[in-house]
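Chemist: Counting in the numbering used here, the sequence shown runs from 1 upward without gaps.
Following this message is one structure expressed as structure tokens.
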Amino acid sequence: LIGATAHYVTADLDEGPIIEQDTARITHAQSPDDYVSIGRDVESQVLARAIHAHIHHRTFINGNRTVVFPASPGSYASERMG
């Protein structure tokens, strides 16, 4: 698996409340260049979803946790697939 996480920035590196995460499956048959390409795609998608949630005021920080509300009821499946 290759994954990416988008989170709010804090004084500690990679310790802020998480906004969005995702992964992509990889195989041993793929090349290092494939891994880089897949990783960049996952990172781009995660960052876009995190920014979208933030600018549309769908995130709520509670301590070191983030609650992210869907754009509409039942929309998480379509957001993650699309």
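The C-beta atom is built at its ideal place from N, Cα and C for all residues, glycine as well.
So aspartate 33 packs on glycine 3, CB below 8 Å; how close in whole Å?
Modeler: Position 33 of the sequence shown, counted from the first residue, corresponds to residue 33. Position 3 of the sequence shown, counted from the first residue, corresponds to residue 3. Aspartate 33 to glycine 3, Cβ: 18 Å. No contact.
Chemist: Return yes when the Cβ of alanine 24 is within less than 9 Å of the Cβ of aspartate 41, no when it is not.
Modeler: Within the sequence shown, numbered from 1, the residue matching residue 41 stands at position 41. Within the sequence shown, numbered from 1, the residue matching residue 24 stands at position 24. Result yes, Cβ atoms of aspartate 41 and alanine 24 sit closer than 9 Å.
Chemist: Does the distance from the C-beta atom of threonine 10 to that of valine 46 stay below 9 Å?
Modeler: The residue you call residue 10 lines up with position 10 of the sequence shown. The residue you call residue 46 lines up with position 46 of the sequence shown. No.
Chemist: Thinking threonine 59 and isoleucine 26 are a contact (beta carbons under 8 Å), I'd like their distance in whole angstroms, please.
Modeler: Position 59 of the sequence shown, counting from 1, holds the residue named residue 59. Position 26 of the sequence shown, counting from 1, holds the residue named residue 26. Not a contact, Cβ separation roughly 29 Å.
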